[in-house]
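Colleague:
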Amino acid sequence: MGLLTTSIEIAASPETVRQKFLDFASIPQYHPNGFFKSISPQDPSKPLTPGDKLHNVLEDMTIDPTLLENSPTCFRWGGSGLMGQFKGEHIFRFEPSTQTPGGTTFTHEEKFAGSLAFIIGPGPVGRMIGFRESTRKGFESYNRDLKAWCEKP
């Protein structure tokens, strides 16, 4: 299994960061040219609960993962592709910062599994393909944009 983790300090409370994160309709405003094009529940008429399907458009693919957790400190989904050969669990954490008083440590990570997980690993094949690095850059771009939006006066 592979793990790709990024984090950023945001000068806003975890509740505020989570609230803005869950405002999926605003993604095009604060992250217009980024990694996530859209995140939406397949049934927008009800609150998001584990087991719900999402419809996510990323910069280079569209996925329909299953929501695994929607708690005050964590939002995560999971899914698979390529006939189950590639599996992922995408995780966003909203935790009180130990560095920024009253702020949030926002962690954005993905756990990769399956027989093709090596393509995003740190090994020679993963480096040659470049998927790990481009994914890391996409995560960091989203993190910066979310930070700027959350800290906007």
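In my numbering, the protein residues as written are 5 to 157. Where a beta carbon is used, it is the ideal one built from N, C-alpha and C, also for glycine. Predicted, not measured: the structure shown is a model, and the values here were computed from it.
Report yes if the C-beta distance between residue 114 and residue 8 is below 8 Å; otherwise report no.
Modeller: Taking the first residue of the sequence shown as position 1, residue 114 is located at position 110. Taking the first residue of the sequence shown as position 1, residue 8 is located at position 4. Yes, the Cβ-Cβ distance between residue 114 and residue 8 is below 8 Å.
Colleague: How many angstroms separate the CA atom of residue 42 from the CA atom of residue 72?
Modeller: Against the sequence shown, residue 42 aligns to sequence position 38. Against the sequence shown, residue 72 aligns to sequence position 68. For residue 42 and residue 72, the distance between alpha carbons rounds to 18 Å.
Colleague: Ends of the beta strand (DSSP E) at residue 152?
Modeller: If you number the sequence shown from 1, residue 152 lands on position 148. Where residue 152 is concerned, there is no enclosing beta strand (DSSP E), although the alpha helix (DSSP H) it sits in stretches over 135-155.
Colleague: Use the C-beta contact count for residue 148: other C-beta atoms within 10 angstroms, 16 or more gives buried, fewer gives exposed.
Modeller: Start at 1 with the first residue of the sequence shown, and residue 148 comes out as number 144. Counting of Cβ neighbours within 10 angstroms places residue 148 among the exposed residues, the total staying below 16.
Colleague: Could you tell me which of 157, 110 and 56 sits nearest to residue 21, measuring between CA atoms?
Modeller: Residue mapping note: residue 21 aligns to position 17 of the sequence shown, counting from 1. For the residues 157, 110 and 56, the minimum Cα distance to residue 21 belongs to 110.
Colleague: On the premise that residue 30 lies in contact with residue 106, defined as a C-beta separation below 8 Å, what is that separation, rounded to the nearest angstrom?
Modeller: Taking the first residue of the sequence shown as position 1, residue 106 is located at position 102. Taking the first residue of the sequence shown as position 1, residue 30 is located at position 26. At roughly 23 Å, the Cβ-Cβ gap does not stay under 8 Å, so residue 106 and residue 30 are not in contact.
Colleague: Take residue 14 as the anchor and find which of 157, 151 and 156 has the nearest alpha-carbon.
Modeller: Position 10 of the sequence shown, counting from 1, holds the residue named residue 14. With distances taken between Cα atoms, residue 14 lies closest to 151.
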